[in-house]
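Counting in my numbering, the sequence shown runs from -18 upward without gaps.
Here's the structure, in structure tokens; my notes come after.
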Amino acid sequence: MSLLHVAIMAPIIFAVLVPLIYKFTKRIHTGWFVLPVPVILFVYFLSRIPSVQEGEGVLSSLPWIPSLGINFTVYLDGLSLLFALLITGIGLLVILYSVFYMDKNKEAIHRFYVYLLLFMGAMLGVVLSDNVMVLYGFWELTSVSSFLLIAFWYSRERSRYGALKSMLITVFGGLAMFTGFLMLSIMSGSMSVREIIGQVSEMTDHTLFIPAMILILLGAFTKSAQFPFHIWLPDAMEAPTPVSAYLHSATMVKAGLYLVARFSPVFAGQAEWFWLVTVVGLTTLIYGSIRAIKQTDLKALLAFSTISQLGLIMSLLGLGSAAAFYSGSPESLIYTKATTAAIFHLINHATFKGALFMVVGIVDHETGTRDIRKLGGLMALMPITFTVAAIGAFSMAGLPPFNGFLSKEMFFTAVLHVTEMDFWNVQTWGVLIPVVAWIASVFTFLYSMILVFKTFTGKLQPAKLDKKPHEAPLGMLIPPVILASLAVVFGLFPNLLSYSLIEPAMAAIMPDMLAPGEKFMVKIEFWHGWTTEIFMTIGIIVLGTILYKFYGRLRLLNRPLFNRVTFNRIYDRGLNSLEQGGKKLTGSYMTGSIRHYMIYIFGFMILLLGYAMVYSDGIKINISQYAPISFYESIVIIVLVISVLALPFVRSRLVAIILTGMSGYMVTLFFVLFRAPDLALTQMVVETVSVMLFLLCFYHLPKLKKEHVPLRFKWTNALISIGVGVVVTLIALGATSGRMFEPISDFFLKESYTSAGGKNVVNVILVDFRGFDTMLEITVLCIAALGIYAMIKIDPGDAILGQREMRQDILLPKSNDVILKTISKVVIFIVLTFALYLFLAGHNSTGGGFVGGLMTASALVLLSMAFGMNVSQKMIPVNFRTVTAIGLLLAYFTGMGSFLFDMPFLSHAFGHFELPLLGDTELATALLFDMGVYLAVVGVTMTIIYSIGRDN
């Protein structure tokens, strides 16, 4: 495992520790303990600048699912380094800012930092992953974690609405992107981004090439809030300001830009890519700038300004793709300037927009409002905040001497060069591009002036403010001051970034533009003379100033773009139609009757499998190869059949439970007769616990009423049961009669000890060969247990308010049987000792974590049945939900431990060691995984037992 893998996983792992830190250090703000994580990561990535600058990328791979070509491969080049520095650098400033912004006494700050660290790790995973499937996994994790961050104040309806909208739109784009990735892997035969780029020449004529391009762009456009998918971003402003400053200035919204830049070597040079990226970017630029000037909420203004700026960068990436058309010729260097401008403005936008988001948070925090109509006159009361706001706004407007001026001039240079293109029909429509860019820049100037002057100048209106305004505390001012200072420094000394960050990023985006060993010439100058770009800037300032002067009188500027038909209304009505349609469709078959659901499931199974058998080559049954049925097997079969046939005719639930248990114990006897002790033991314990669960549920049910059952009801049940029995029996007989391959059991028998160090083949299969299946199974069990607990114990209305106290009333009465109590004291000790033996001995003889956990749970259930649940909980004061979580985490961390040795996930090792007193002893890492299974099974079982056995 390389340091890059550690860098990705560190925030995610630390997120697990945050609740513990919060619990034991409540007097200190949790943010102080979280802050070192991005600081250390930022310093690490800074240290990589010299090597990346020299073209020495870092590549490291961990096997994940090698058979499918999915490996956890990370790659650090100029582009990923730039984004990693933005993610960690802005991240550390946001966390410092949040320490003073988030009230540890009023906010659940532990949840806030868990979500923030998850998002940070996911973003690092996106920009550092070389495997497209791993990239997609982290991409969706950013959507989930951003959903949690936006909905942090979940008691607010608008926060929940904004979070859901952002997740639905970005996940839709992510699924489209996932399909595009699959198409690329089909065309190239690889899931590595580097290998896909190396096979571009062989893919361009493929029928899937253009569809893959469009689907990947859908993912990029939705994530980066491009028109018309921009509607989620303004509603996401309901998140706390630190979240907005992090997600919407430097990280989440930049993920789409990263995706376009990363896959530019694959699709650049295609007319479709050029026009799609450029037109969508310019449309977003002008639409966002016009919408921004109509906002009265400061965060809404910043939201639409962010949309506008993202469109600008997206259009530059589209224009820069034209360089691929001239690849290898001197003309290509002209069009690389657009890519240079895109990278430079991406950095600049992170500095001035991050500062502005923090400024708005300060204004809201110190005045109690973000409404521009209530603000004004704050300059004298908040001079530092005003200075930062002025620098950020002037940089965003493209005014000298700030960094935004330089990247805006480079933007104008790029759009002017478009008119010189003589391919892709650019000469026909390309003349409109500079016009659109200039008009959008005028509105950018206007909303920048509105932001700073409407807020800080004019007359103070204290009566309209919820708080008496004053300057923010020093800790809240330091992060925006640092970002504003960078806006000034990068404006005055832009070439600090030229060959440290910009040129390596360009080399990653356009690897085929230069010969090996050559570098792009990146020289950013403040003054180029009286050029067309300068006159365009002067025109923007003049016209923008006039519009600001008469802004209040110009009805056209204040009038909504659309009155009735808006994208938000289309989204709302579309979502409502889907919900209503889904309710009607679901209501037609989700009747609430378990019988109906079983009919659907088994009916579909009979039809599907029956159809497959009828229209295939048929089932060949070779009876001669089966062993004869012994006398004991005949007795067990007779008892089993009698118990099953009697079930439909009994009129007592208690008798039905006994008959169900009888059928299960007969199956246990079959395993004994067939010499399968592991399965027999597991089946016996499962049946025991199941009967106990049935009895607990039985206590809650009303008395069984004798009602006339229609004949159709009985015939339907009979047909379904007979059909399932016949189909399953035929499939089982056919599968054992005509094997097409050698049984895999021979492999397990040969390799269980030599490869996994275990003589118990069943246990070795569960914890080693098929350990991934077992891990997913206990995960499902944990989710089911928590679901049962939530349904029985938690009132949704009270859960939102956090005011519910769990009742301790016992529904299951404790036993007064002295004999049961006396015997159980001995039996429980014996059962627990046997459970410990089964767990420890399971790797080499009968047993294992699963059956050991069930046996332990059986002993605890017996304790509860004999002495009552209150007594059992006092004797064993353990929160079994916590036990479940510990078991699950232990299983997962054991699996990830193999990464430390550059081995695939869940690879186990074993060896023999000389231990004191014990002598030569075999130790296997599978025991740790089995311990996780053991704890998860105990926790799940007891959580369900205690949940059902108590009143809600």
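All C-beta atoms, glycine included, are put in the ideal place defined by N, C-alpha and C.
Per-residue burial, residue i [other beta carbons within 10 Å of its own, 16 or more giving buried]
i: S605; result: exposed
i: K235; result: buried
i: E37; result: exposed
i: M856; result: exposed
i: Y955; result: This structure cannot settle anything about residue 955, because the visible part of the chain is limited to -18 through 933.
i: T185; result: exposed
i: Y428; result: buried
i: Q664; result: buried
i: M772; result: exposed
i: S61; result: buried
i: L66; result: buried
i: T863; result: exposed
i: L662; result: buried
i: G520; result: exposed
i: Y578; result: exposed
i: W511; result: exposed
i: D447; result: exposed
i: K389; result: buried
Other residues of its chain near residue i: CB distance less than 6 Å, five sequence neighbours each side excluded
i: V15; result: I76 and Y94
i: P(-8); result: V18, L98, M101 and G102
i: V631; result: A637
i: Q784; result: Residue confidence for Q784 is low, a pLDDT of 39 falling below 50, so the modelled location carries little weight; the figure read from the coordinates is stated next. Excluding sequence neighbours, Q784 sits near nothing in its chain.
i: S166; result: M172
i: F386; result: G379 and L380
i: H10; result: V80 and K85
i: P40; result: Reading off the sequence, residue 40 comes out as Leu, not Pro. Correct list, in chain order: Y56.
i: T151; result: S124, T203 and K204
i: W213; result: K146, S147 and I150
Where the alpha helix (DSSP H) containing residue i begins and where it ends
i: D901; result: Where D901 is concerned, there is no enclosing alpha helix (DSSP H), although the beta strand (DSSP E) it sits in stretches over G900 to A905.
i: F255; result: A252 to A273
i: Q290; result: L279 to G301
i: V95; result: I90 to L109
i: D727; result: S726 to T735
i: M218; result: No alpha helix (DSSP H) contains M218, which DSSP labels as neither H nor E.
i: L843; result: G830 to F848
i: H577; result: I575 to V595
i: L821; result: V799 to A822
i: V241; result: M233 to R243
i: R632; result: No alpha helix (DSSP H) contains R632, which DSSP labels as neither H nor E.
i: R656; result: From DSSP, R656 is part of no alpha helix (DSSP H); its letter is neither H nor E.
i: L877; result: According to the sequence provided, residue 877 is Met. The question's Leu does not apply to it. Looking at the DSSP string, the run of the alpha helix (DSSP H) that includes M877 is F861 to G878.
Sequence-distant residues of its chain with Cβ nearer than 8 Å to residue i (five each side left out)
i: V340; result: T366, V369, A370, G373 and P461
i: A465; result: T332, F333, A336, T368, V369, I372 and G373
i: R29; result: V39, L57 and L62
i: E614; result: F651 and L654
7 Å CB neighbourhood of residue i in its chain, flanking five on each side removed
i: S558; result: none
i: P894; result: According to the sequence displayed, residue 894 carries Phe and not Pro. Here the set comprises T902 and L904.
i: G778; result: In this prediction, G778 has a pLDDT of 46, which is less than 50 and means its spatial position is unreliable; nothing more can be read from the coordinates.
i: T875; result: T906, L909, F910 and G913
i: V672; result: I638 and G642
Unbroken beta strand (DSSP E) run spanning residue i, endpoints
i: E895; result: F891 to L896
i: R521; result: In the sequence under discussion, the amino acid at residue 521 is Ile, which differs from the Arg named in the question. Premise fails: I521 lies in the alpha helix (DSSP H), T513 to K530, not in any beta strand (DSSP E).
i: T54; result: I51 to L57
Stretch-stretch touch, CB-based, cutoff 8 Å, three pairs: the segment 352 to 361 with the segment 461 to 478: The segment 352 to 361 is not in contact with the segment 461 to 478.
At least 3 beta-carbon pairs within less than 8 Å: the segment 801 to 821 vs the segment 840 to 856: The segment 840 to 856 and the segment 801 to 821 touch, with three or more beta-carbon pairs separated by less than 8 Å.
The segment 190 to 209 / the segment 29 to 36 touching (three or more Cβ pairs under 8 Å): The segment 190 to 209, when compared against the segment 29 to 36, does not touch it at the 8 Å Cβ threshold.
Contained beta strand (DSSP E) runs [length at least 3] in the segment 407 to 490, N- to C-terminal order: Runs of the beta strand (DSSP E) inside the segment 407 to 490: none found.
In chain order, each beta strand (DSSP E) run of at least 3 residues that lies wholly inside the segment 3 to 47: With a minimum length of 3 residues, the unbroken runs of beta strand (DSSP E) contained wholly in the segment 3 to 47 fall at 39 to 46.
contact_flag[the segment 71 to 87, the segment 225 to 232] where n(CB pairs < 8 Å) is 3 or more: Because the criterion of three Cβ pairs below 8 Å is met, the segment 71 to 87 and the segment 225 to 232 touch.
Validate contact between the segment 108 to 127 and the segment 146 to 165 using beta carbons, cut 8 Å, 3 pairs: With the cut-off at 8 Å, the segment 108 to 127 and the segment 146 to 165 touch.
contact_flag[the segment 293 to 300, the segment 318 to 333] where n(CB pairs < 8 Å) is 3 or more: The answer is yes - the segment 318 to 333 touches the segment 293 to 300, with three or more Cβ pairs under 8 Å.
Three-pair Cβ contact test at 8 Å for the segment 689 to 696 versus the segment 644 to 653: A contact is defined here as three or more CB-CB pairs under 8 Å, and the segment 689 to 696 fails this definition with respect to the segment 644 to 653.
Start-end ranges of the alpha helix (DSSP H) lying completely within the segment 127 to 171, minimum 4 residues: Runs of the alpha helix (DSSP H) inside the segment 127 to 171: 138 to 169.
Cβ contact (3+ pairs, closer than 8 Å) linking the segment 20 to 28 and the segment 127 to 139: Taking a cut-off of 8 Å on C-beta distances, the segment 20 to 28 does not touch the segment 127 to 139, as fewer than three cross pairs fall below it.
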